[in-house]
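To start, the structure under review is shown below, and the notes come after it.
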Amino acid sequence: MSVETAAPRITIAEAGKHVGETVSIPGWLYNLRRSGKICFPQLRDGTGVIQCVAVKSNLPEETFEALKNLTQESSLIVTGKLREESRAPGGYELDVEQAHIVQRVPEDDPYPITPKEHGTDFLMDHRHLWIRSRRQHAILRVRAEVIRAIRDYFDSNGFVLVDTPIFTPAACEGTTTLFEVDYFEDQKVYLTQSGQLYNEATAMAFGKTYCFGPTFRAEKSKTRRHLTEFWMVEPEMTYADLDDVKKVAEEMIVFCVRRVLDNRRAELKELDRDVSKLEAIQAPFHRMSYDDAVVKLQAKGSEIQWGGDFGNADETLLTEDLDRPVMVDRFPTGIKAFYFETDPNRPEVALGVDVIAPEGYGEIIGGGQRAHSLDVLLKRLEEHNLPKEAFDWYLDLRKYGAVPHGGFGMGVERFTAWMCGTEHIRETIAFPRMLYRTRP
RNA sequence: UCCUCAGUAGCUCAAUGGUAGAGCAUUCGGCUGUUAACCGAAGGGUUGUAGGUUCGAAUCCUACCUGAGGAGCCA
Numbered sequence: 017m018s019v020e021t022a023a024p025r026i027t028i029a030e031a032g033k034h035v036g037e038t039v040s041i042p043g044w045l046y047n048l049r050r051s052g053k054i055c056f057p058q059l060r061d062g063t064g065v066i067q068c069v070a071v072k073s074n075l076p077e078e079t080f081e082a083l084k085n086l087t088q089e090s091s092l093i094v095t096g097k098l099r100e101e102s103r104a105p106g107g108y109e110l111d112v113e114q115a116h117i118v119q120r121v122p123e124d125d126p127y128p129i130t131p132k133e134h135g136t137d138f139l140m141d142h143r144h145l146w147i148r149s150r151r152q153h154a155i156l157r158v159r160a161e162v163i164r165a166i167r168d169y170f171d172s173n174g175f176v177l178v179d180t181p182i183f184t185p186a187a188c189e190g191t192t193t194l195f196e197v198d199y200f201e202d203q204k205v206y207l208t209q210s211g212q213l214y215n216e217a218t219a220m221a222f223g224k225t226y227c228f229g230p231t232f233r234a235e236k237s238k239t240r241r242h243l244t245e246f247w248m249v250e251p252e253m254t255y256a257d258l259d260d261v262k263k264v265a266e267e268m269i270v271f272c273v274r275r276v277l278d279n280r281r282a283e284l285k286e287l288d289r290d291v292s293k294l295e296a297i298q299a300p301f302h303r304m305s306y307d308d309a310v311v312k313l314q315a316k317g318s319e320i321q322w323g324g325d326f327g328n329a330d331e332t333l334l335t336e337d338l339d340r341p342v343m344v345d346r347f348p349t350g351i352k353a354f355y356f357e358t359d360p361n362r363p364e365v366a367l368g369v370d371v372i373a374p375e376g377y378g379e380i381i382g383g384g385q386r387a388h389s390l391d392v393l394l395k396r397l398e399e400h401n402l403p404k405e406a407f408d409w410y411l412d413l414r415k416y417g418a419v420p421h422g423g424f425g426m427g428v429e430r431f432t433a434w435m436c437g438t439e440h441i442r443e444t445i446a447f448p449r450m451l452y453r454t455r456p
């Protein structure tokens with residue numbers, strides 16, 4: 017059963033197509049300005065905000081009084097005629113003829129988030145309401161666009177979506193950063209930190225696959241770039257080498273940036289995002305070896321030595337003079353996970369690649385070519401002190417038709433933060449999970 | 001885990017060791033074109049918690065709690 021309205025029901029986003037018509041719009045009171053015998057309720061409905069005009073002399077007494085004294089975020093259905101209006105924010109205005117108040121927010125317990133400024137702690141405590149605000153609303157719409165673009169890219173380029181489990185029996189890579197969960201019969205399982213090992217199995221079955229879902233990292237990282245629960249897309253390709261991985265990463269990023277620019281212009285404007293920075297994201301990206309990156313960083317004053325991993329400041333330094341992402345490859349084997357293929361000409365470097373976004377957004381993609389020889393993998397497990405038995409099924413992939421293959425993982429929130437130009441990753445997911453925050 | 005900063009009205013913030021303040025929000029009054037409207041008035045406080053110094057503490061000291069920023073860690 018659908019909700020009854022006095023006139024044909026439309027959304028605010030559709031207002032332009034109904035100028036001159038009498039329509040009903042269900043929504044919530046975003047803000048209200050009034051002046052004696054006229055008032056301007058601003059209605060939001062999730063698709064936009066529209067200013068309404070209620071004039072005392074044109075309305076029944078109780079309708080005007082109800083509107084004039086309405087409280088912020090009260091739910092209501094307004095009915096009236098739409099017209100273009102240059103004075104109204106948004107360009108269209110609705111002359112109220114009827115108003116049905118669905119639920120009035122009581123004034124002794126008013127909506128806590130006013131149009132004025134608030135602090136981080138307060139807003140995070142009210143995250144369930146904060147997502148109604150224009151800025152948060154815009155960010156989450158960009159996120160949805162990013163996710164849709166990612167899916168479209170892989171779906172239309174021969175990748176098959178095969179999702180991997182969230183409960184996993186052991187570490188994919190390291191061991192210390194896993195959330196442990198009680199399973200039946202005193203068993204322990206862990207929340208996935210990457211679907212990659214399973215992706216390697218599915219890619220051997222389908223050729224090209226990807227998984228896309230939540231990922232969990234029990235790292236005690238307290239930075240503006242870390243969540244304990246985040247969404248990651250991970251493609252995996254067979255008969256592919258490091259260059260193939262880099263090419264797909266580059267193509268996918270350009271595709272997603274284009275989609276955001278094409279479809280979420282209004283949201284980027286709401287966020288005051290400098291879109292020229294995003295227009296500049298074109299192939300080819302900058303390409304650089306780890307060796308050259310270390311030299312460049314040292315020249316810029318970094319303390320980094322060959323063999324060390326980049327810090328946050330290093331990533332920013334590396335891209336500060338660049339207008340598009342940089343792909344850094346061939347990292348020291350020692351700082352990469354056990355499953356990376358090594359360079360046949362230089363066993364001391366791994367065939368991994370990080371894609372580092374400009375403007376200080378840091379690593380958005382990590383990936384590379386996987387070791388595909390059984391002997392190499394066995395040796396590597398030993399070097400990393402990992403139990404061979406836990407990886408028996410994974411090692412099967414090297415016994416039964418091993419081929420060169422590779423892939424990468426991209427964090428959706430970091431990518432969205434980059435698109436939106438947000439300071440902190442916590443705004444790019446509806447209900448962020450962080451080191452010291454799991455509510456609401 | 002470490003470093004730094006912060007905690008005062010529902011919110012954002014003021015207040016030389018000496019009477020607890022403003023704006024917004026709420027309530028009441030005014031205004032027929034407002035743009036985070038404006039004008040007038042009212043209500044609203046155990047200054048994060050527990051100790052200590054002092055004639056006197058929001059202010060100084062100690063511990064703890066909470067939060068923020070950063071470091072480390074980080075596929």
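Residues 17 to 456 in the working numbering are what the first sequence lists, from first letter to last. For every residue, glycine included, the Cβ atom is placed at its ideal position computed from N, Cα and C. Given the structure is predicted, the values throughout are model-derived calculations rather than measurements.
Which first and last residues belong to the beta strand (DSSP E) in which residue i is found?
| i | result |
| --- | --- |
| glutamine 209 | First-last for glutamine 209: undefined, no H or E at that position. |
| threonine 231 | 224–232 |
| asparagine 173 | Taken as a continuous stretch (DSSP letters only), asparagine 173 belongs to no beta strand (DSSP E), as it is neither H nor E. |
| glutamine 58 | 54–60 |
| tyrosine 46 | 38–51 |
| phenylalanine 246 | 245–254 |
| alanine 70 | 65–71 |
| aspartate 198 | 196–198 |
Taking the alpha helix (DSSP H) that residue i belongs to, which residues open and close that run?
| i | result |
| --- | --- |
| valine 273 | 258–279 |
| tryptophan 434 | 428–436 |
| aspartate 4 | Lying before the first or after the last residue shown, residue 4 is absent from the chain, which here runs from 17 to 456. |
| glutamate 14 | For the chain, the structure presents residues 17 to 456; residue 14 sits outside this window and is missing. |
| valine 392 | 390–399 |
Would you decide whether residue i is buried or exposed? Buried here means 16 or more other CB atoms lie within 10 Å of its CB.
| i | result |
| --- | --- |
| threonine 432 | buried |
| arginine 289 | buried |
| glutamate 429 | buried |
| methionine 17 | Note that methionine 17 scores a pLDDT of 48, beneath 50, so its modelled location is shaky; the value from the coordinates is reported in the next line. Methionine 17 is exposed by the Cβ-count criterion. |
| glutamate 20 | exposed |
| threonine 231 | buried |
| isoleucine 351 | exposed |
| arginine 386 | buried |
| histidine 388 | buried |
| asparagine 215 | buried |
| histidine 153 | buried |
| glutamine 67 | buried |
| tyrosine 306 | buried |
| glycine 36 | exposed |
| glutamine 58 | buried |
| alanine 221 | exposed |
| threonine 208 | buried |
| tyrosine 416 | exposed |
| proline 126 | exposed |
| alanine 366 | buried |
| aspartate 412 | exposed |
| aspartate 330 | buried |
Less than 6 Å separating the Cβ of residue i from some heavy atom of the ligand ADP?
| i | result |
| --- | --- |
| serine 305 | Looking at this structure, you won't find the ligand ADP or any other ligand, since it has none at all. |
Taking the alpha-carbon of residue i as reference, which of the options has the nearest alpha-carbon?
| i | options | result |
| --- | --- | --- |
| glycine 32 | Pro42, Trp44, Leu92, Leu110 | Leu110 |
| proline 128 | Val112, His116, Ser149, Glu113 | Ser149 |
| leucine 45 | Glu399, Gly36, Ala115 | Ala115 |
| glycine 378 | Glu30, Ser73, Arg340, Gly229 | Arg340 |
| aspartate 308 | Val39, Val342, Ala219, Lys415 | Val342 |
| histidine 400 | Thr349, Gly106, Ile441 | Thr349 |
| histidine 421 | Leu338, Glu266, Met450, Thr225 | Thr225 |
| arginine 346 | Arg281, Glu443, Leu98, Lys262 | Lys262 |
| glutamate 375 | Pro363, Asn361, Thr335, Ala366 | Thr335 |
| alanine 70 | Phe195, Glu295, Asp179, Asn85 | Asn85 |
| glycine 383 | Tyr355, Ala282, Ala234, Ser91 | Tyr355 |
| threonine 454 | Asp202, Leu402, Arg143, Gly317 | Arg143 |
Hey, is the region 118–137 in contact with the region 241–248, meaning 3+ C-beta pairs nearer than 8 Å?
Too few Cβ pairs lie closer than 8 Å, so no.
Alpha helix (DSSP H) segments (min. 4 residues) lying fully within the region 100–152
If we require 4 residues or more, the alpha helix (DSSP H) runs fully inside the region 100–152 come out as 136–141, 143–146.
Mind listing, in chain order, the continuous alpha helix (DSSP H) runs of no fewer than 4 residues lying wholly within the region 296–354?
Counting only runs of 4 or more, we get 306–315, 328–335.
Kindly provide the ranges of any beta strand (DSSP E) runs that are 3 or more residues long and lie completely inside the region 352–385, ordered along the chain.
Counting only runs of 3 or more, we get 362–373.
Can you find at least 3 beta carbon pairs, one from the region 157–168 and one from the region 431–448, that sit closer than 8 Å?
Contact holds between the region 157–168 and the region 431–448, because three or more Cβ pairs, one in each stretch, are under 8 Å apart.
On the three-pair Cβ rule with 8 Å, is the region 403–422 touching the region 271–289?
The region 403–422, when compared against the region 271–289, does not touch it at the 8 Å Cβ threshold.
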